[in-house]
Amino acid sequence: MALHADPVDTEASSAALASGSHQSDAESGTYEDGSESLDSAVQDRIATSELVAQVKITGVHRMIDNALSEPGMVAILGYVYSGVAEKIWKGAPTNVVAFRLTLDDCDRKLERGEHYLIFAKADTQGRLQLASCEAAVAGADAAGLLGQLDRYYQG
(Lines of atoms letter the chains of each structure in order from A and count residues from 1; the text may use other names and numbers.)
(Lines give C-alpha, C1' and ligand atoms only; values in the text may rest on other atoms or scores of the structure.)
Protein backbone atom coordinates (compact mmCIF):
# COMPACT_ATOMS: atom_id res chain seq x y z
CA MET A 1 0.00 0.00 0.00
CA ALA A 2 1.59 3.25 -1.10
CA LEU A 3 1.20 6.47 0.79
CA HIS A 4 0.96 9.62 -1.23
CA ALA A 5 0.65 13.33 -0.68
CA ASP A 6 -2.26 15.30 -1.99
CA PRO A 7 -1.01 17.24 -5.03
CA VAL A 8 -3.23 20.20 -4.20
CA ASP A 9 -1.37 23.07 -2.52
CA THR A 10 -2.84 23.20 0.96
CA GLU A 11 0.00 25.14 2.56
CA ALA A 12 -2.01 28.33 3.10
CA SER A 13 -5.08 26.63 4.53
CA SER A 14 -2.95 24.24 6.61
CA ALA A 15 -1.06 27.14 8.13
CA ALA A 16 -4.29 29.00 8.81
CA LEU A 17 -5.87 25.95 10.41
CA ALA A 18 -2.83 24.98 12.45
CA SER A 19 -1.91 28.38 13.79
CA GLY A 20 -5.13 30.30 13.60
CA SER A 21 -3.23 33.02 11.76
CA HIS A 22 -4.09 33.87 8.22
CA GLN A 23 -3.82 36.50 5.54
CA SER A 24 -6.62 38.94 4.99
CA ASP A 25 -8.18 39.07 1.57
CA ALA A 26 -11.27 40.55 -0.02
CA GLU A 27 -13.49 38.01 1.74
CA SER A 28 -11.83 38.45 5.13
CA GLY A 29 -12.61 41.28 7.47
CA THR A 30 -12.33 42.16 11.09
CA TYR A 31 -14.69 41.90 14.01
CA GLU A 32 -15.61 44.88 16.15
CA ASP A 33 -12.98 43.86 18.73
CA GLY A 34 -10.28 44.13 16.04
CA SER A 35 -9.70 40.40 15.63
CA GLU A 36 -9.68 38.99 12.13
CA SER A 37 -12.50 36.88 10.73
CA LEU A 38 -11.94 33.48 9.16
CA ASP A 39 -10.09 33.46 5.85
CA SER A 40 -11.67 31.97 2.73
CA ALA A 41 -9.73 28.67 3.00
CA VAL A 42 -11.13 28.03 6.48
CA GLN A 43 -14.61 29.17 5.41
CA ASP A 44 -14.43 26.70 2.48
CA ARG A 45 -13.41 23.90 4.84
CA ILE A 46 -16.37 24.71 7.11
CA ALA A 47 -18.77 24.91 4.15
CA THR A 48 -17.76 21.46 2.84
CA SER A 49 -17.77 19.77 6.27
CA GLU A 50 -20.75 18.06 7.83
CA LEU A 51 -19.19 18.21 11.28
CA VAL A 52 -16.92 20.86 12.79
CA ALA A 53 -16.18 19.94 16.40
CA GLN A 54 -13.62 19.89 19.17
CA VAL A 55 -13.18 16.24 20.14
CA LYS A 56 -11.23 14.37 22.82
CA ILE A 57 -10.12 11.02 21.37
CA THR A 58 -11.18 8.11 23.62
CA GLY A 59 -10.72 5.15 21.27
CA VAL A 60 -8.50 4.22 18.32
CA HIS A 61 -9.36 1.17 16.20
CA ARG A 62 -7.58 -0.18 13.12
CA MET A 63 -9.30 -0.53 9.76
CA ILE A 64 -7.96 -3.80 8.30
CA ASP A 65 -7.84 -4.67 4.59
CA ASN A 66 -8.45 -8.42 4.63
CA ALA A 67 -7.75 -8.73 0.90
CA LEU A 68 -4.22 -7.37 1.30
CA SER A 69 -3.50 -9.06 4.63
CA GLU A 70 -1.55 -12.33 4.71
CA PRO A 71 -0.72 -14.78 7.51
CA GLY A 72 1.59 -12.94 9.90
CA MET A 73 1.01 -9.57 8.20
CA VAL A 74 -1.97 -7.29 8.66
CA ALA A 75 -2.63 -4.55 6.11
CA ILE A 76 -3.94 -1.45 7.89
CA LEU A 77 -6.03 0.93 5.78
CA GLY A 78 -6.36 3.57 8.48
CA TYR A 79 -8.04 4.16 11.81
CA VAL A 80 -11.53 4.64 13.20
CA TYR A 81 -11.52 7.13 16.06
CA SER A 82 -14.17 7.58 18.71
CA GLY A 83 -14.31 10.49 21.04
CA VAL A 84 -16.27 12.86 23.19
CA ALA A 85 -17.53 15.97 21.42
CA GLU A 86 -16.62 18.86 23.70
CA LYS A 87 -18.03 21.53 21.40
CA ILE A 88 -19.82 21.34 18.05
CA TRP A 89 -19.94 24.36 15.75
CA LYS A 90 -21.53 22.60 12.78
CA GLY A 91 -23.38 19.29 12.68
CA ALA A 92 -25.88 17.32 14.71
CA PRO A 93 -25.57 17.73 18.49
CA THR A 94 -24.12 14.56 20.02
CA ASN A 95 -21.89 13.53 22.90
CA VAL A 96 -20.01 10.74 21.12
CA VAL A 97 -18.38 11.09 17.71
CA ALA A 98 -16.85 8.39 15.49
CA PHE A 99 -14.86 9.18 12.36
CA ARG A 100 -12.39 7.55 10.00
CA LEU A 101 -9.00 8.65 8.72
CA THR A 102 -7.30 6.50 6.08
CA LEU A 103 -3.54 6.23 5.66
CA ASP A 104 -3.99 7.31 2.03
CA ASP A 105 -5.32 10.64 3.32
CA CYS A 106 -2.98 11.06 6.30
CA ASP A 107 0.00 9.00 7.44
CA ARG A 108 -0.17 10.42 10.98
CA LYS A 109 -2.07 8.63 13.74
CA LEU A 110 -4.14 10.74 16.14
CA GLU A 111 -3.40 10.16 19.82
CA ARG A 112 -5.84 8.80 22.39
CA GLY A 113 -6.52 11.33 25.16
CA GLU A 114 -5.62 14.31 22.97
CA HIS A 115 -7.98 17.07 21.82
CA TYR A 116 -8.50 17.85 18.13
CA LEU A 117 -10.55 20.30 16.14
CA ILE A 118 -11.96 18.18 13.33
CA PHE A 119 -13.54 19.00 9.98
CA ALA A 120 -15.37 15.82 8.90
CA LYS A 121 -17.31 14.95 5.76
CA ALA A 122 -19.63 12.00 5.16
CA ASP A 123 -18.31 9.29 2.84
CA THR A 124 -20.49 7.49 0.29
CA GLN A 125 -21.84 5.21 3.04
CA GLY A 126 -22.67 8.10 5.38
CA ARG A 127 -19.73 7.57 7.77
CA LEU A 128 -17.81 10.61 8.97
CA GLN A 129 -14.33 10.79 7.48
CA LEU A 130 -11.46 13.26 7.53
CA ALA A 131 -10.05 14.10 4.10
CA SER A 132 -6.50 15.00 5.16
CA CYS A 133 -4.14 15.52 8.09
CA GLU A 134 -5.15 19.19 8.06
CA ALA A 135 -8.74 18.19 8.88
CA ALA A 136 -7.59 17.32 12.43
CA VAL A 137 -5.94 20.26 14.16
CA ALA A 138 -4.23 19.36 17.45
CA GLY A 139 -5.47 21.14 20.58
CA ALA A 140 -2.53 23.48 21.18
CA ASP A 141 -2.36 24.40 17.49
CA ALA A 142 -6.11 25.06 17.32
CA ALA A 143 -6.29 27.69 20.08
CA GLY A 144 -6.52 30.70 17.77
CA LEU A 145 -8.93 28.98 15.42
CA LEU A 146 -11.27 27.96 18.26
CA GLY A 147 -11.80 31.61 19.20
CA GLN A 148 -12.35 32.54 15.57
CA LEU A 149 -14.97 29.79 15.21
CA ASP A 150 -16.78 31.05 18.32
CA ARG A 151 -16.91 34.59 16.90
CA TYR A 152 -17.86 33.34 13.41
CA TYR A 153 -20.84 31.36 14.69
CA GLN A 154 -21.94 34.05 17.17
CA GLY A 155 -21.78 36.83 14.62
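Residue 791 is where the sequence shown starts when you use my numbering, and the numbers rise one by one after that. Glycine included, C-beta positions come from ideal geometry on N, C-alpha and C. All values derive from a computational prediction rather than experimental measurement.
Residue i to residue j span [Cα, whole Å]
| i | j | result |
| --- | --- | --- |
| Leu900 | Ile878 | 19 Å |
| Met853 | Tyr943 | 34 Å |
| Lys911 | Glu860 | 32 Å |
| Val832 | Ala930 | 18 Å |
| Val850 | Phe889 | 10 Å |
| Gly916 | Thr838 | 14 Å |
| Leu920 | Val864 | 23 Å |
| Arg898 | Leu918 | 18 Å |
| Gln844 | Gly937 | 12 Å |
| Asp796 | Cys896 | The predicted position of Asp796 is uncertain, since its pLDDT is 37 and thus under 50; no value can be drawn from it. |
| Ser922 | Ala928 | 13 Å |
Segment limits, alpha helix (DSSP H) that includes residue i
| i | result |
| --- | --- |
| Leu936 | 933-944 |
| Val870 | Segment 866-880 is the beta strand (DSSP E) holding Val870; no alpha helix (DSSP H) there. |
| Ala837 | 830-838 |
Candidates the options, of which the one nearest residue i by Cα
| i | options | result |
| --- | --- | --- |
| Glu876 | Tyr906, Val870, Thr892 | Tyr906 |
| Glu904 | Cys896, Val874, Thr838, Asn885 | Val874 |
| Thr884 | Leu891, Gly937, Ser872 | Ser872 |
| Leu841 | Arg941, Ala925, Ala932 | Ala925 |
| Gly935 | Ile908, Ala921, Asn856, Asp913 | According to the sequence provided, residue 935 is Leu. The question's Gly does not apply to it. Ranking Ile908, Ala921, Asn856, Asp913 by Cα distance to Leu935 puts Ile908 first. |
| Gly881 | Arg941, Gly937, Val927, Ile836 | Ile836 |
Residue i, buried or exposed, once every other Cβ within 10 Å from all chains shown has been counted against 16
| i | result |
| --- | --- |
| Asp834 | exposed |
| Leu939 | buried |
| Leu858 | exposed |
| Val886 | exposed |
| Ala829 | Sequence check: residue 829 is Asp here, not Ala. Classification for Asp829: buried. |
| Ala933 | exposed |
Terminal residues of the beta strand (DSSP E) in which residue i lies
| i | result |
| --- | --- |
| Thr892 | 886-892 |
| Thr848 | 841-854 |
| Leu907 | 905-912 |
| Ala926 | 926-928 |
Inter-residue CB distance, residue i and residue j (contact presumed, cutoff 8 Å)
| i | j | result |
| --- | --- | --- |
| Leu867 | Leu891 | Not confirmed; about 10 Å, so no contact. |
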